[in-house]
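Enquirer: In our numbering, the protein residues as written are 1 to 170.
Where a beta carbon is used, it is the ideal one built from N, C-alpha and C, also for glycine.
In this text the structure is predicted, and so the values were computed from the model without any measurement.
Below is a structure I'd like to ask you about.
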């Protein structure tokens, strides 16, 4: 596996990864998540151009997973991390997150943040295992509150959500 910045040819493949990564939600009664459209090519291109999109590739050089990040209130926020189900449980997502943590630390950023489903096994419980902790509402920054509101407007609050943070060593 190799981690590299996303290139233009990857963009449609990232959409394919997103569609495939959504399918397991169907088994949890979350068909709306499985049926949700992946990010538009234009949105993925904006992340790519801004240098905020990375992919983990297999031996063939094709993406197995991808990660999108934003800067939110002094933290590096994981907007999306998706892994092709055939590559799941092999450390691919964690490698992308660790790569982002290394980049963020080098820039002097103190933490990674994300929002996720609280009760989905490969969401909050997984992130807790790799060093993220749930934030109380009092710990939510204004940027995180805005993300939570946007997610609610998109219908994601039909299932319990949580904001999480992983402090970075300096």
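Can you list, in chain order, the stretches of the alpha helix (DSSP H) that have 4 or more residues and sit fully within the segment 35-74?
Expert: Listed in chain order, they are 41-49.
Enquirer: Tell me the residue span of the beta strand (DSSP E) that contains residue 162.
Expert: First-last of the beta strand (DSSP E) with residue 162: 161-167.
Enquirer: Which residues in the same chain as residue 115 place their Cβ atom closer than 8 Å to its Cβ, once the five residues preceding and following it in sequence are excluded?
Expert: The answer, listed in chain order, is 144, 147, 148, 151, 161, 162, 163 and 164.
Enquirer: Within this structure, are the beta carbons of residue 141 and residue 75 separated by less than 9 Å?
Expert: It is a contact, given that the beta carbons lie within the stated cut-off.
Enquirer: How close, in whole Å, do the beta carbons of residue 53 and residue 5 come, if the pair is a contact with beta carbons under 8 Å?
Expert: Indeed they touch by this definition, with Cβ atoms about 7 Å apart.
Enquirer: Rank 136, 79 and 91 by C-alpha distance to the C-alpha of residue 38 and give the top, closest one.
Expert: Measuring from the Cα of residue 38, the nearest candidate turns out to be 79.
Enquirer: Using a Cβ-Cβ cut-off of 6 Å (strictly less than) and excluding sequence neighbours within five positions of residue 135, which residues of its own chain qualify?
Expert: Excluding positions up to five away in sequence, the list reads 163 and 165.
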